[in-house]
Amino acid sequence: MTNLPPLRETLTVEFKSDLKKLSDRELIEALVCLANAEGGELWLGIEDDGTPTGLHAEHQLLDGLAGMVAARTSPSLSVKAEAVEVAGVSVARICVPKSQGEVATTAGVYLRRRLKHDGTPECVAMLPHERSSRASSFGLIDVSAQPVVGATLADLDPLERERLRQAVQQYGGDRVLLELDDEALDGALLLTARQSDGSRVPTLTGLLLVGRETSLRQLVPSHEFAFQVLAQQAVRFNEFRRFPLLKALDWLETNFRPYNPEEELQVGLFRVPVPKVDLGAFREAVANALIHRDYHRLGAVHVRLEDDALVVSNPGGLVDGVTLANLLVTEPRPRNPALADAMKRIGVVERSGRGVDKIFRGLLKFGRPAPDYSHTSAQNVVLRLPTTEADLEFRRLVVEEERRRNAELPIDSLIALAALRELKRLTADALAERIQRDATSAKRTLEALTEAGLVEAHGATRARSYTLSASLYQAVGDKAAYTRQLGFSVIQHEQMVLSYVRQHGQIRRADVMELCRLSTDQAAKLLKRMKEQGALMQQGERRWAIYVLGEGR
Numbered sequence: 006m007t008n009l010p011p012l013r014e015t016l017t018v019e020f021k022s023d024l025k026k027l028s029d030r031e032l033i034e035a036l037v038c039l040a041n042a043e044g045g046e047l048w049l050g051i052e053d054d055g056t057p058t059g060l061h062a063e064h065q066l067l068d069g070l071a072g073m074v075a076a077r078t079s080p081s082l083s084v085k086a087e088a089v090e091v092a093g094v095s096v097a098r099i100c101v102p103k104s105q106g107e108v109a110t111t112a113g114v115y116l117r118r119r120l121k122h123d124g125t126p127e128c129v130a131m132l133p134h135e136r137s138s139r140a141s142s143f144g145l146i147d148v149s150a151q152p153v154v155g156a157t158l159a160d161l162d163p164l165e166r167e168r169l170r171q172a173v174q175q176y177g178g179d180r181v182l183l184e185l186d187d188e189a190l191d192g193a194l195l196l197t198a199r200q201s202d203g204s205r206v207p208t209l210t211g212l213l214l215v216g217r218e219t220s221l222r223q224l225v226p227s228h229e230f231a232f233q234v235l236a237q238q239a240v241r242f243n244e245f246r247r248f249p250l251l252k253a254l255d256w257l258e259t260n261f262r263p264y265n266p267e268e269e270l271q272v273g274l275f276r277v278p279v280p281k282v283d284l285g286a287f288r289e290a291v292a293n294a295l296i297h298r299d300y301h302r303l304g305a306v307h308v309r310l311e312d313d314a315l316v317v318s319n320p321g322g323l324v325d326g327v328t329l330a331n332l333l334v335t336e337p338r339p340r341n342p343a344l345a346d347a348m349k350r351i352g353v354v355e356r357s358g359r360g361v362d363k364i365f366r367g368l369l370k371f372g373r374p375a376p377d378y379s380h381t382s383a384q385n386v387v388l389r390l391p392t393t394e395a396d397l398e399f400r401r402l403v404v405e406e407e408r409r410r411n412a413e414l415p416i417d418s419l420i421a422l423a424a425l426r427e428l429k430r431l432t433a434d435a436l437a438e439r440i441q442r443d444a445t446s447a448k449r450t451l452e453a454l455t456e457a458g459l460v461e462a463h464g465a466t467r468a469r470s471y472t473l474s475a476s477l478y479q480a481v482g483d484k485a486a487y488t489r490q491l492g493f494s495v496i497q498h499e500q501m502v503l504s505y506v507r508q509h510g511q512i513r514r515a516d517v518m519e520l521c522r523l524s525t526d527q528a529a530k531l532l533k534r535m536k537e538q539g540a541l542m543q544q545g546e547r548r549w550a551i552y553v554l555g556e557g558r
C-alpha cells in the first residue's frame, strides 16, 4: 500500500481537516459512513482539496484510536491507524473494512457513503429500508419471508392460487404441493406467516406469488416490471405492469413470442428449432430478475428487446459474495430465499439454483456470444443476451454430440467449444478464465473433448494449445479453416527445422518441441522422418542426440 494519499476524495477515500481538532463524534461518524459503503481510507490531517495540513497536537499519538473507535461503534468496528509523513507534515491514515452488516455509532446514528450526481462523495443517513436492503444483500435477513404490514388473507387471490397449482403441473414442480389444501400450501411455500395469536398474515412471498393486483399496488409499491421493444430507436412496445409473479411470467412470455422468430435446422430425421432468443434462457433470466431484485428499492424490472440484444435489468446489485468473476461457480446466494425456494418448488426456475448455467447454455449452444453482465453496478444487475445470427453448423455439432452422449454437454465443455469457435486456438489458462476455474479443471475439460474427437491438442505439455478437430472442420465443409488454424503443416515444420539448423548449426529434440510446439513423440517422429530423408544427420544417442544438416544440404 502506498504512503502517498490519493489526489482526491472518492467513494472509498475521505479527507478530514484536523487544524481545529476534529471531534471524536465527527471522526466516528465518518468511519461508520465508510464502513457502511465499501470501506476504504480516512486521511486525517488533509483538507477536502487534498492539501496536507497535518494533525492537531492532541492527535499526534494514534495508539488509542482503534480502541476508541471500537468502543463507540456497534457492532465494534476494527480499524487500523498509522502516521504518514506527507509534504513535511504528519497525517493519519485510518483503514476501514467494509462491514458485513450495518454499523452504527453507540449514539444510534446510522450513516452511509454515496456518490452525488457530480461524482463527489457525501455522507447521508441510512434509512430503515436501506438498512433492511443491506442486511438482505448480506444474507442476514430474508425480507421475502417477513409478514407484510397491513396485509390480510383477503389480499390473496384464489385465482392466482389456482394458477400456482397449474404452474406446478406445467413446469414439473414438486407434485406434493398439488395434494395440499390452501392453508397447507400457504405454509409449505411460506406464503403466510403464523402470528402469536394464531392468525395468518401474508408474507412478501405470498403477495408476490398469489396476491391481488390492487393489493400489490398498495402494499408492495416497489413491485413493477416493463416489457419494451425498441427497433432502430423507435418504440414498438412499451408497457408497465404490476401483476403477481406467475401471471407476470405468462404475460411477458406471451408478449415476447411475436418478436422471437425461429428457423429450423434439419439434423438427421429431426427438426431442431433455432429461435432468436432461447425460451429457456429467456424464462430463467426474467424469473431471476423478478426473484432476486431488491424489493426495498423503487424501480421496475425491465425486459427490453433491442436491435442486437435482449436486455434484462433489475434494481439491486449482486448480493455479497457474488461477483462477475465467480458468477459461474459460486454457490447460490438468493437475496430473497423464501421467494427463490417457492419458485424452485413450483418448477419455474432451476431446482439446483444454477440458473446462470441455463442462460449461458441457451446462447452458447447456438454459437452466439456469451451472456454479458458487464454493465452491472452496485444499484442494478444488467444482463445482455446477444441476438446475433445463430451458427447453424455449430448448433448441429452440439446436437449430434449430445445425442451421441445421450446427455447435455457440460457447461464447461460448451464454453470451451464456443471459445475455440471464436478464437480458433486456445490454451488451458485462457479457458480457465472463461469458465472461472483453475487451469487444472480447464485442462481436464479440454482433454475430455480431445478424447471425444472434438478437439485436437498441439505442442508439449507446458505450451500445449488446442484447436477444433479436423473432422469438425471437414463436417462443416471448411477444410481451409482447419489448415489455417492448425498453424504449421508437416512441410512447414521441416522448413522451420532446416532454417534453425542453418542458423545455429545443430538442433536438439527439445528445440524442435519448442520451435514447432510439438509433443515429445511428435518431435521425435519429425526428426526421424527428416533423418530418413537425408535432410538431417544424427550425432549421439538418445537424450544427448543432436541433429545437423545432411550431406548436400
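Start counting the sequence shown at 6; every next residue gets the next number (this note's numbering).
Glycine is no exception: its CB is placed at the ideal position from the N, C-alpha and C atoms.
*asked:* Taking its Cβ as the centre, do 16 or more other Cβ atoms sit within 10 Å of A383, making it buried, or is it exposed?
replied: exposed
*By a C-beta neighbour count over all protein chains shown, 10 Å radius and 16 as the cutoff for buried, is L214 buried or exposed?*
buried
*asked:* Can you tell me where the alpha helix (DSSP H) holding L36 begins and where it ends?
replied: 29-40
_Rounded to the nearest angstrom, what separates L161 and R262 at their Cα positions?_
29 Å
*For E52, which residues of its own chain have a beta-carbon under 7 Å away from its beta-carbon, when the five flanking residues on both sides are left out?*
F20, S22, T58
*asked:* Closer than 8 Å is the cut-off here; do at least three beta carbon pairs connect the segment 320-332 with the segment 297-304?
replied: yes
*Please report how far the alpha carbon of E546 lies from the alpha carbon of L532, in whole angstroms.*
13 Å
*Option nearest P207 by Cα separation, candidates L182, L47, T157*: T157
*Drop a sphere of 10 angstroms on the beta-carbon of R389, count the other beta-carbons inside from all chains shown, and report buried for 16 or more, exposed for fewer.*
buried
*Taking buried to mean at least 16 other C-beta atoms within 10 Å of its own C-beta, is H498 buried or exposed?*
buried
*asked:* As an exercise, report each continuous alpha helix (DSSP H) stretch of at least 4 residues that is fully enclosed by the segment 143-176, in chain order.
replied: 163-176
*Round the Cβ separation of R469 and A475 to the nearest angstrom and send it over; I've been treating them as touching at under 8 Å.*
That pair is no contact at about 17 Å.
*asked:* So, does the segment 270-279 touch the segment 181-191, judging by three or more C-beta pairs under 8 Å?
replied: no
*Smallest Cα separation from M348: which of H64, F365, L295?*
L295
_Quick check: the Cα distance between Y552 and Y471, rounded to an integer number of angstroms?_
29 Å
*Taking 8 Å as the cut-off, decide whether the C-beta atoms of G55 and L12 are in contact.*
yes
*For V37, collect the residues of the same chain with a Cβ closer than 8 Å to its Cβ; drop the 5 residues on either side in sequence, then sort them by chain order.*
T78, L82, V108, A109, T110, V114, Y115, L116
*asked:* For a test of the three-state rule: what should DSSP assign to Q543, helix, strand or coil?
replied: strand
*Just how far apart, CA to CA, sit D562 and A421?*
Beyond the ends of the chain as shown, which are 6 and 558, falls residue 562; an answer cannot be given.
*At which residues does the beta strand (DSSP E) containing Q223 begin and terminate?*
Careful: Q223 lies outside any beta strand (DSSP E), inside the alpha helix (DSSP H) at 218-224.
*Alpha carbon to alpha carbon, how far is P278 from M542? Give it in angstroms, no decimals.*
59 Å
*Quick one: what's got a C-beta closer than 7 Å to R199's C-beta in the same chain, skipping five residues either side?*
R205
_Closest residue to G367 among G155, Q527, Q171, R288 (Cα-Cα distance)_ = R288
*Using the beta-carbon count (16 or more within 10 Å), is L329 buried or exposed?*
exposed
*asked:* Please classify F245 as buried or exposed, where buried requires at least 16 neighbouring CB atoms within 10 angstroms.
replied: exposed
*F245 by DSSP, collapsed to three states: which one?*
strand
*If we call anything under 8 Å between Cβ atoms a contact, is A540 one with L503?*
yes
*Complete beta strand (DSSP E) runs within the segment 366-440 (minimum length 3 residues, chain order)*: 385-391
*How about V308 and F230: are their beta carbons less than 8 Å apart?*
yes
*Sorted by chain position, which residues of the same chain lie with C-beta nearer than 7 Å to R168's C-beta, five sequence neighbours on each side aside?*
L251, K252
*Counting only runs that start and end within the segment 16-95, where is the alpha helix (DSSP H) found for 4 or more residues in a row?*
29-40, 70-76
*Could you give the C-beta distance for A424 and R409, rounded to a whole number, given that I count them as a contact under 8 Å?*
Their Cβ separation, rounded to whole angstroms, is 21 Å, which puts A424 and R409 out of contact at 8 Å.
_Going by DSSP in three states, S141 sits in which element: helix, strand or coil?_
helix
*Between L428 and the rest of its own chain, which residues show a CB-CB distance below 6 Å, the 5 nearest in sequence each way excluded?*
none
*Report the option in H134, E34, N8 whose CA atom is closest to the CA atom of S95.*
N8
*asked:* For a test of the three-state rule: what should DSSP assign to Y300, helix, strand or coil?
replied: coil
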